[in-house]
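Report on the following structure.
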Amino acid sequence: MTNGFMYGNVFEDEERFHRQIIFPKLLCQNAEDFSFSSTSFNRDAVKAGTGRRFLGGLLDDTSYCYTLEVSFYSYIVGGTSSTVPYSEETYMKLGRNVARTFLDYYRLNAITERSLVPVSSTWKEKAIPYRCSYHRIQGNNQAANKPEKRTHTTLKHTHSS
Numbered sequence: 001m002t003n004g005f006m007y008g009n010v011f012e013d014e015e016r017f018h019r020q021i022i023f024p025k026l027l028c029q030n031a032e033d034f035s036f037s038s039t040s041f042n043r044d045a046v047k048a049g050t051g052r053r054f055l056g057g058l059l060d061d062t063s064y065c066y067t068l069e070v071s072f073y074s075y076i077v078g079g080t081s082s083t084v085p086y087s088e089e090t091y092m093k094l095g096r097n098v099a100r101t102f103l104d105y106y107r108l109n110a111i112t113e114r115s116l117v118p119v120s121s122t123w124k125e126k127a128i129p130y131r132c133s134y135h136r137i138q139g140n141n142q143a144a145n146k147p148e149k150r151t152h153t154t155l156k157h158t159h160s161s
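Once you know that position 161 of the sequence shown is 161 in the UniProt record's numbering, the rest is easy, because the numbers rise by one and skip nothing.
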């Protein structure tokens with residue numbers, strides 16, 4: 001498998017599940033080497049001892065845990081069949097894109113929460129509009145490739161409401 005992708009947990013609450021997929025979708029828009037179509041939400045018994053599964057069951061329902069896995073080999077640029085080998089620089093770029101995605105996520109979350117609260121018209125006129133760069137080309141995820149060596153880290157973020 002090429003590119004980066006995530007594992008997430010499965011929740012019975014449909015609204016919580018839909019909130020959980022926002023972060024990987026934003027990362028897909030921010031990082032050309034991240035594949036949302038390869039991202040999987042599961043509760044495999046084999047993964048019960050992982051940090052993602054353990055923390056996902058332990059934390060409150062405003063918290064989401066993910067495992068980010070990234071190929072040691074390469075990624076495929078959207079809309080092409082060309083592979084780009086990973087290097088120290090491209091891994092660091094993915095890390096910066098993960099950080100940018102946290103920023104986008106919390107900005108989006110703040111805007112969503114503000115829209116639920118009645119706001120005076122003068123505040124609306126002064127508000128700075130949120131802009132998210134959507135440079136990611138859809139349909140570029142390669143799920144059919146065979147698994148390659150990869151590394152992973154567990155990410156946790158809390159959705160404040």
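Ideal Cβ positions, reconstructed from N, Cα and C, are used throughout, including at glycine.
Treat the numbers as computed from the prediction; the structure is a model and nothing was measured.
Backbone CA spacing between residue i and residue j [nearest angstrom]
i	j	result
residue 83	residue 32	12 Å
residue 62	residue 74	34 Å
residue 101	residue 8	16 Å
residue 39	residue 27	11 Å
residue 177	residue 41	Residue coverage of the chain in this structure runs from 1 to 161, which leaves residue 177 outside it and unanswerable.
Span of the beta strand (DSSP E), counted from its first residue to its last, around residue i
i	result
residue 8	4 to 8
Member of the options whose CA lies at the smallest distance from the CA of residue i
i	options	result
residue 4	59, 37, 80	37
residue 67	43, 30, 108	43
residue 109	77, 8, 20	20
residue 29	87, 51, 77, 92	77
residue 55	91, 8, 65	65
residue 45	85, 10, 111, 95	10
residue 24	51, 71, 97	97
Paired residues, beta bridge with residue i - DSSP
i	result
residue 85	74
residue 17	Note: residue 17 sits in no beta bridge, so no partner.
residue 40	7
residue 91	Per DSSP, none; premise fails for residue 91.
residue 34	4
Exposed unless 16 or more other CB atoms sit within 10 angstroms - verdict on residue i
i	result
residue 89	exposed
residue 34	buried
residue 13	exposed
residue 49	exposed
residue 57	exposed
residue 69	buried
residue 15	exposed
N- and C-terminal bounds of the alpha helix (DSSP H) containing residue i
i	result
residue 58	51 to 58
Any chain C beta carbon closer than 8 Å to residue i
i	result
residue 1	Within the model displayed, chain C is absent; a lone protein chain is all it includes.
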